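Quick notes on the structure that follows.
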Amino acid sequence: MRRVKQVLSAIRAEVTPQDAAFVAKHLTQSELELFRQMSLPDQRHCLNVANTVAELAGGLREVNQPVLIKAALLHDVGRRRGDVSTSDKIMAVISRAVFGSGFAQKWGKQGRGGAWENLRHAFYVSANHPEIGAKLLRQAGTEEQVINLVRYHHHPAGMADSKELSLLRQADDLN
Numbered sequence: 001m002r003r004v005k006q007v008l009s010a011i012r013a014e015v016t017p018q019d020a021a022f023v024a025k026h027l028t029q030s031e032l033e034l035f036r037q038m039s040l041p042d043q044r045h046c047l048n049v050a051n052t053v054a055e056l057a058g059g060l061r062e063v064n065q066p067v068l069i070k071a072a073l074l075h076d077v078g079r080r081r082g083d084v085s086t087s088d089k090i091m092a093v094i095s096r097a098v099f100g101s102g103f104a105q106k107w108g109k110q111g112r113g114g115a116w117e118n119l120r121h122a123f124y125v126s127a128n129h130p131e132i133g134a135k136l137l138r139q140a141g142t143e144e145q146v147i148n149l150v151r152y153h154h155h156p157a158g159m160a161d162s163k164e165l166s167l168l169r170q171a172d173d174l175n
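Below, the structure written as structure tokens:
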């Protein structure tokens, strides 16, 4: 049911002028360019995650809220608009839910071409978008704490995880 809700949300996705102002308030110009390179549904998703982390972290003094909000806005920048078709992305998401994330990691292969290669590329992007995003953010001059939150947001939870990483994962799962 959650996946159906995500598909419907993606179809109706929009970024309002208020959303754009929120994003511009929290990102540098180079980060804003990366944000804009995501598909509209991914931008909307990242905005939803940012709003959720702001709610979850509200009043928690031990949480670096500016870093957390920036990481939420940028956590999926490794998935760029036009790199993967919507149908291939849906197949990758469904396969991940059915077979686990290891399947995408093993079966995915970078590089586009025919239908089969494009599907394998979608699996590659699905499995590797946190690392791809971290690399793009490093090139953009983003602070290391944000880069690490983006890099590890799909890794299994661990005892040494920061409060920010735990909140980012929770908000991502809720959206």
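Quick note on numbering: full-length UniProt numbering labels position 74 of the sequence shown as 74, and the sequence is numbered without any gaps.
Glycine included, each C-beta is placed from N, C-alpha and C at the ideal position.
In this text the structure is predicted, and so the values were computed from the model without any measurement.
Comparing C-alpha positions only, which one of the options sits nearest to residue i?
i, options, result
"Val125", "Ile69, Met91, Leu174", "Met91"
"Gln18", "Ser39, Thr28, Arg44, Gly59", "Arg44"
"Gly133", "Ser39, Leu68, His75, Gln37", "His75"
"Gln164", "Gln29, Ser101, Val15, Gly58", "What sits at residue 164 in the sequence shown is Glu, not Gln. Nearest C-alpha to Glu164: Gly58."
Cα separation between residue i and residue j?
i, j, result
"Ile147", "Ser87", "29 Å"
"Ala21", "Val77", "18 Å"
"Gly114", "Lys89", "15 Å"
"Lys109", "Arg79", "15 Å"
"His129", "Leu27", "19 Å"
"Phe99", "Trp107", "11 Å"
"Arg61", "Asn175", "24 Å"
"Asn64", "Met38", "25 Å"
"Gln145", "Pro156", "18 Å"
Since residue i contacts residue j with CB under 8 Å, what's their CB separation in whole angstroms?
i, j, result
"Glu31", "Ala160", "26 Å between Cβ atoms; not a contact."
"Asn118", "Ser162", "Asn118 to Ser162, Cβ: 36 Å. No contact."
"Ser101", "His154", "7 Å"
Classify residue i as buried or exposed, calling it buried when 16 or more other Cβ atoms lie within 10 Å of its own Cβ.
i, result
"Leu167", "buried"
"Pro66", "exposed"
"Asp83", "buried"
Kindly list the residues whose CB is nearer than 7 Å to the CB of residue i, restricted to its own chain and excluding five residues on each side of it in sequence; keep chain order.
i, result
"Ala72", "Cys46, Val49, Ala50, Val53, Leu168, Ala171"
"Ala104", "Ala92, Ser95, Arg96, Phe123, Ser126, Ala127"
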